[in-house]
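Engineer: The structure that follows is given in the form of structure tokens.
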Amino acid sequence: MRYEAPRTIKEATGLLAKAKGSAFVLAGGSDLLVRLKSGMIEPELVVDIKRIPSMQTVTKTASGFRIGGAVPCAALGENAALKKAWPGVVEAANVIGSDQIQGRCTIVGNLCNASPAADSVPAMVAAGAKASVVGPKGKRTIAVEDVVTGPGKTSLKKGEVIEAITLPKPAPKSGDAFLRFIPRTEMDIAVVSAGVCLTLGSKGVVKKARVVLGAVGPTVLLVPAAAKAIIGTTLDDAALAELAAACEAACKPIDDKRGTIEFRTEVAGVLARRAAVIAYQRAGGQ
Ligand SMILES: Cc1cc2nc3c(=O)[nH]c(=O)nc-3n(C[C@H](O)[C@H](O)[C@H](O)COP(=O)(O)OP(=O)(O)OC[C@H]3O[C@@H](n4cnc5c(N)ncnc54)[C@H](O)[C@@H]3O)c2cc1C
10 MRYEAPRTIK EATGLLAKAK GSAFVLAGGS DLLVRLKSGM IEPELVVDIK RIPSMQTVTK
70 TASGFRIGGA VPCAALGENA ALKKAWPGVV EAANVIGSDQ IQGRCTIVGN LCNASPAADS
130 VPAMVAAGAK ASVVGPKGKR TIAVEDVVTG PGKTSLKKGE VIEAITLPKP APKSGDAFLR
190 FIPRTEMDIA VVSAGVCLTL GSKGVVKKAR VVLGAVGPTV LLVPAAAKAI IGTTLDDAAL
250 AELAAACEAA CKPIDDKRGT IEFRTEVAGV LARRAAVIAY QRAGGQ
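Quick note: to get our numbering, add 9 to the position in the sequence shown (first position is 1).
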């Protein structure tokens with residue numbers, strides 16, 4: 010196995026594009042190294058992106074935030090401006106594993122590992138995050154929900170790397186939130202998760218919303234019917250009940266030792282409802 014640690018994204022994409030056998034990007038390595046050590050993968054090439062300066066920073070821009078692909082999740086929690094603008098996204102990044110894991114792992118690695126239970130993904134999708142993809146044929150920008158196509162599968166082509174995640178500048182009177190259910194307090198895989206982002210109009214009426222579920226389908230689920238249930242309301246009990254019902258209807262969970270279909274379906278509604286209430290309060294709703 011060849012290990013390379015280029016200093017530019019151009020070099021990284023060039024190496025990946027030319028690889029004859031299987032080639033992987035290495036960010037924090039908290040998924041990749043586990044797969045390597047357990048013999049699940051035997052790459053010909055591993056390209057470490059942690060030394061590429063354009064991927065190491067979080068920047069506040071005129072249109073929002075740019076989070077470099079190699080920025081560890083711990084650094085997101087230490088960025089006061091990001092935390093204030095997108096508390097739900099930061100919360101989701103900061104429940105991954107432990108302090109040690111967060112010192113290495115990235116939200117891009119979390120996304121590209123393509124687990125249906127990846128914690129940061131529902132929050133990013135709810136926030137309307139975009140992925141800046143660089144490859145041998147140039148750059149393109151895609152919605153985060155279009156990166157993962159199924160468990161362990163992404164839409165990235167040979168040689169392509171996600172250079173950064175961009176988050177928009179939150180609209181006035183907006184709030185986001187993320188919640189997950191795990192059987193213990195930390196270091197576990199989400200049985201169900203939910204991310205909600207909403208914007209209020211006048212008198213606390215919900216003007217825009219995005220409701221996203223994790224771990225209840227092969228990819229995260231954006232649930233437009235759940236958003237529709239709360240738009241135009243002040244998030245009263247009837248609207249919340251409708252949101253929960255829409256989430257339950259959208260679920261396509263598996264049955265496994267960590268949760269039955271019935272349990273996951275019910276919890277999806279409960280978590281989405283609770284996350285909507287937190288997002289509403291953060292947006293300034295009473
Ligand atoms: C003890 C432990 C606890 C964990 N707990 C959680 C948890 O609570 N919640 C959770 O969601 N996950 C958890 N994980 C999984 C893992 O930590 C996360 O998915 C993490 O965010 C992966 O990020 P990384 O930077 O370490 O990715 P890596 O392991 O470096 O990469 C993961 C995959 O993404 C690809 N990749 C990485 N960066 C890019 C890029 N820029 N462009 C294209 N492809 C890329 C890699 O090639 C690889 O296939 C845990 C893992 C461990 C070992």
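C-beta atoms are modelled at their ideal positions from N, C-alpha and C, and glycine is treated no differently.
(1) Determine, using beta-carbon pairs with one atom in the stretch 68 to 78 and one in the stretch 257 to 272, whether at least three such pairs fall under 8 Å.
(2) Less than 7 Å between the CB of Val43 and some heavy atom of ligand 1, yes or no?
(3) Taking the alpha carbon of Asp245 as the point to measure from, which residue in Leu222, Tyr289, Ala259 has its own alpha carbon closest?
(4) Where does Ala90 land, buried or exposed, given buried means 16+ other C-beta within 10 angstroms?
(5) What separation, rounded to the nearest whole angstrom, lies between the Cα atoms of Val130 and Val55?
(6) Mind the definition here: the stretch 134 to 141 touches the stretch 164 to 175 only if three or more C-beta pairs lie below 8 Å; say whether that holds.
(7) Are the CB atoms of Gly73 and Cys206 within a distance shorter than 8 Å?
(8) My guess is that Phe187 and Ala123 are in contact by the Cβ rule of under 8 Å, so how many angstroms apart are they, rounded?
(9) For the candidate residues Pro62, Ile61, Ala218, Leu230, whose alpha-carbon lies nearest to that of Ser248?
(10) From the DSSP output, in three-state form, read off Lys4 for me.
(11) Thinking C-beta only, is Leu165 closer than 8 Å to Val142?
(12) Quick one: give me the first and last residue of the beta strand (DSSP E) that Glu13 is part of.
(13) Would you check whether ligand 1 has a heavy atom nearer than 7 Å to the C-beta of Ile105?
(14) Would you mind reading off the limits of the beta strand (DSSP E) that contains Val34?
(15) Determine the DSSP secondary structure at Thr269, reduced to helix, strand or coil.
(16) Restricting to Cα atoms, I'd like to know which of Phe33, Val170, Asp155 is closest to Lys148.
(17) Using a threshold of 8 Å, state whether the C-beta atoms of Ile240 and Ala285 are closer than that.
(18) In the DSSP output, which residue or residues are listed as bridge partners for Asp197?
(19) Could you check how far apart the C-beta atoms of Arg291 and Gly184 are, in whole angstroms? I think they sit under 8 Å.
(20) With a 10 Å radius around its C-beta and 16 neighbouring C-beta atoms as the bar for buried, classify Leu42 as buried or exposed.
(21) Apart from the five residues on each side of it in sequence, which residues of its chain come closer than 8 Å, Cβ to Cβ, to Val232?
(22) Between the alpha carbons of Met10 and Gln109, how many angstroms are there, rounded?
(23) Consult DSSP for Ala186 and reduce its assignment to one of helix, strand or coil.
Structural biologist: Well, looking at it:
(1) Too few Cβ pairs lie closer than 8 Å, so no.
(2) yes
(3) Tyr289
(4) exposed
(5) 24 Å
(6) yes
(7) Against a cut-off of 8 Å, the Cβ pair of Gly73 and Cys206 comes out as no contact.
(8) With a Cβ gap of about 19 Å, Phe187 and Ala123 do not count as contacting.
(9) The question names Ser, but residue 248 is Ala in the sequence shown. Cα-wise, what sits closest to Ala248 is Ala218.
(10) No information on residue 4 is available, as it lies outside the stretch 10 to 295 that the chain covers here.
(11) Going by C-beta atoms, Val142 is nearer than 8 Å to Leu165.
(12) DSSP places Glu13 inside the beta strand (DSSP E), whose first and last residues are 11 to 13.
(13) yes
(14) In the DSSP annotation of this structure, the continuous segment of the beta strand (DSSP E) that includes Val34 starts and ends at 32 to 35.
(15) For Thr269, the secondary structure class from DSSP, reduced to helix, strand or coil, is coil.
(16) Val170
(17) no
(18) Note: Asp197 sits in no beta bridge, so no partner.
(19) 3 Å
(20) exposed
(21) Val220, Val221, Leu222, Ala255, Cys256, Ala259, Ala281
(22) 26 Å
(23) strand
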